[in-house]
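Okay, so here's the structure we're looking at.
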Amino acid sequence: MTALSHRFRTVPPVGAAHTAAGTPEDAPSETADAALVAASLTDPDRFTAVYDRHFPAVYRYVAGRLGPQVADDVAAETFLVAFRRRATFDPAKGEVRPWLFGIATTLVAQHRRAESRRYRALAQLAVERGPGDGADHAAAEGLRLDLARALTKLSRKERDVVLLVALADLSHQGVADALGIPYGTVGSRLSTARRKLRAALNRKGE
Numbered sequence: 018m019t020a021l022s023h024r025f026r027t028v029p030p031v032g033a034a035h036t037a038a039g040t041p042e043d044a045p046s047e048t049a050d051a052a053l054v055a056a057s058l059t060d061p062d063r064f065t066a067v068y069d070r071h072f073p074a075v076y077r078y079v080a081g082r083l084g085p086q087v088a089d090d091v092a093a094e095t096f097l098v099a100f101r102r103r104a105t106f107d108p109a110k111g112e113v114r115p116w117l118f119g120i121a122t123t124l125v126a127q128h129r130r131a132e133s134r135r136y137r138a139l140a141q142l143a144v145e146r147g148p149g150d151g152a153d154h155a156a157a158e159g160l161r162l163d164l165a166r167a168l169t170k171l172s173r174k175e176r177d178v179v180l181l182v183a184l185a186d187l188s189h190q191g192v193a194d195a196l197g198i199p200y201g202t203v204g205s206r207l208s209t210a211r212r213k214l215r216a217a218l219n220r221k222g223e
């Protein structure tokens with residue numbers, strides 16, 4: 018456990034593990050991941066392969082919500098928690114990613130003030146940006162900042178669903194599994210969130 022804890026705390030450069038694991042097209046299947054988690058119950062070192070494969074994606078999700086300053090620690094903590102709770106993972110579900118992103122989302126919630134500050138800071142940048150501050154890049158950056166401001170209008174539960182789809186690239190079923198909520202609840206929260214986001218962005222354009 019000590020060696021594994023050190024591994025999870027020794028964060029690789031983002032993208033390094035992804036390169037080692039290959040591209041999404043030739044990456045190991047979720048079934049293989051589930052088998053690794055099961056095997057790690059008797060051979061703990063097997064869990065490092067789960068870490069190597071999925072750390073970059075978890076890091077990007079956390080960084081998108083909390084910023085890069087704390088993303089390393091929160092992403093690493095996600096895998097420590099997953100390792101400690103690996104006996105509770107249901108291999109019948111097959112998919113490891115929703116389980117990992119569910120843990121990450123719980124940890125992000127413990128930093129909700131930092132997340133709110135991040136979105137408010139980005140929103141303020143959107144307000145301060147002048148209309149003539151550049152061409153295409155400025156327009157794209159401005160849209161990103163406008164979206165950050167719009168995200169402040171969502172409840173935490175709505176934001177979780179939206180960002181698990183947008184940043185973690187989970188399906189509706191994956192989001193339901195990650196959050197432990199009914200499939201239909203995912204759809205209703207997404208609909209409400211999209212309506213709020215559209216309203217916020219439309220007000221910005223007026």
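Positions 18 to 223 (the numbering used here) are the ones given, in order, by the sequence shown. C-beta: ideal position from N, C-alpha, C; glycine also. Here the structure is a predicted model, which means the values were calculated and not measured.
Hey, would you say residue i sits closer than 8 Å to residue j, going by beta carbons?
i      : j      : result
VAL75  : VAL54  : no
PHE64  : PHE106 : no
VAL113 : ALA51  : yes
LEU171 : LYS213 : yes
ALA131 : LEU58  : no
LEU181 : THR95  : no
Quick check: the Cα distance between residue i and residue j, rounded to an integer number of angstroms?
i      : j      : result
LEU168 : ARG77  : 17 Å
GLY191 : ALA165 : 24 Å
ARG211 : ALA92  : 27 Å
PRO108 : SER188 : 18 Å
ARG176 : ALA56  : 34 Å
ALA88  : LYS110 : 27 Å
LEU218 : ARG134 : 20 Å
THR209 : ASP69  : 36 Å
HIS71  : LYS174 : 24 Å
THR204 : ASP186 : Correcting the residue identity first, residue 204 is Gly in this sequence and not Thr. Those two C-alpha atoms are separated by around 15 Å.
ASP163 : ASP62  : 44 Å
PRO85  : ALA49  : 30 Å
ARG215 : ASP90  : 33 Å
ALA80  : VAL178 : 16 Å
THR202 : LEU117 : 20 Å
With burial defined as no fewer than 16 other Cβ atoms inside 10 Å of the residue's Cβ, what is the status of residue i: buried or exposed?
i      : result
PRO115 : buried
GLY119 : buried
LEU83  : buried
ARG102 : exposed
THR73  : Residue identity check: residue 73 is Pro in the sequence provided, not Thr. That one is buried.
ARG206 : buried
ALA193 : buried
### Message
I'd like to know if the stretch 183 to 202 and the stretch 125 to 134 are in contact, where contact means that at least 3 CB-CB pairs between them fall below 8 Å.
### Response
Contact fails: fewer than three Cβ-Cβ distances are below 8 Å.
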